[in-house]
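K.L.:
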Amino acid sequence: DTALQQEQLARQQAEAALGYAQKGNELLASVFTNLDPQANYATVGELRNALKRSLEKAVQELEGSAIGDPLEVARMQNTLGNALLGMGEPTWAVTVLEKSLATRRAQLGPDHPDTHLSMNNLAVGYQSAGKLDLALPLLEETLRVHKTQFGPGHPLTLTIMNNLAAGYRAAGKLDLALPLYEETLRLLRAKYGPDHPHTLTTMDNLAQAYCDSKEGDKAASLFAEFVASQRSIQWLLGWVAL
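For the sequence shown, my numbering begins at 7 and goes up steadily by one.
1. Kindly indicate the opening and closing residues of the alpha helix (DSSP H) around residue 202.
2. Compute the Euclidean distance between the alpha carbons of residue 81 and residue 221, then round it to the nearest angstrom.
3. The alpha helix (DSSP H) with residue 82 in it runs from where to where?
4. Exposed or buried, what is residue 228 when buried is set at 16 or more other beta-carbons lying within 10 Å of its beta-carbon?
5. Only counting the same chain, and skipping five residues up and downstream in sequence, which positions put a Cβ closer than 8 Å to that of residue 199?
6. Let's see if you can read the secondary structure: which residues bound the alpha helix (DSSP H) around residue 99?
7. Per DSSP, what kind of secondary structure is residue 223 in: helix, strand or coil?
8. What is the DSSP secondary structure of residue 120, counted as helix, strand or coil?
9. To the nearest angstrom, report how far apart residue 215 and residue 224 are at their CA atoms.
10. How about residue 109 and residue 79: do their beta carbons lie closer than 8 Å?
11. Just to confirm before moving on: does the CB-CB distance between residue 212 and residue 188 stay below 8 Å?
12. Check for me: the alpha helix (DSSP H) holding residue 152 runs from which residue to which?
13. Run the CB neighbour count on residue 130, radius 10 Å, all protein chains shown included, and call it buried at 16 or more, exposed below.
14. Given that a residue counts as buried once 16 or more other Cβ atoms are within 10 Å of its Cβ, and exposed if not, what is residue 234?
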């Protein structure tokens, strides 16, 4: 009897998971199916606006969704929020990302990595919306809890560090941005090497911050290293193409 009950429970869970996946696929697919295939979008801007409207409609549908599992809803809200950020719609994105974070905090607790990811994404949304007063404290909290739990070399820790340094720079706090960028770059070089895209991105960010702080020699040295790495990658890609 126990084995039969376990089998029935497993089947019910599998069917529920399949239902969530199907609903999620339908919702996310609607982003593209809502685009008019007969329309000849004259400019990239027109296509972008049409895609933005589809994303906003998907967000509204998700609000009234009968998908069932709140964590699945939170996951899709996180996906849609990031998409809206990419489309240059931070206000919409923040609304969706706030809901995703609230659900994950309630369902998973404050120490779960998915909660930390939502905290980071929401903070990026706040920063994109010009709300540094909300972004910086949230990034500081996210870095503290995630770094303590997963260590300084964890990929998400490094992402949060870079985002927080960018927030400090945007707020004019170069005394905080520079050492954080420098630490992030050191850790990225050790983890991924000097030519990895993450390393190069932070290298460029740090060089720009050096320019802001009028440290021309440091900026020039880092820009030269950045260009050399880029040329090295281009040469390698060209050799592979042969």
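Where a beta carbon is used, it is the ideal one built from N, C-alpha and C, also for glycine. Computed from a predicted model, the values in this text were never measured in an experiment.
P.N.:
This is what the structure holds:
1. Neither: residue 202 is in no alpha helix (DSSP H) and is coded neither H nor E.
2. 42 Å
3. 76-92
4. buried
5. 205
6. 96-114
7. helix
8. helix
9. 10 Å
10. yes
11. yes
12. 138-156
13. buried
14. exposed
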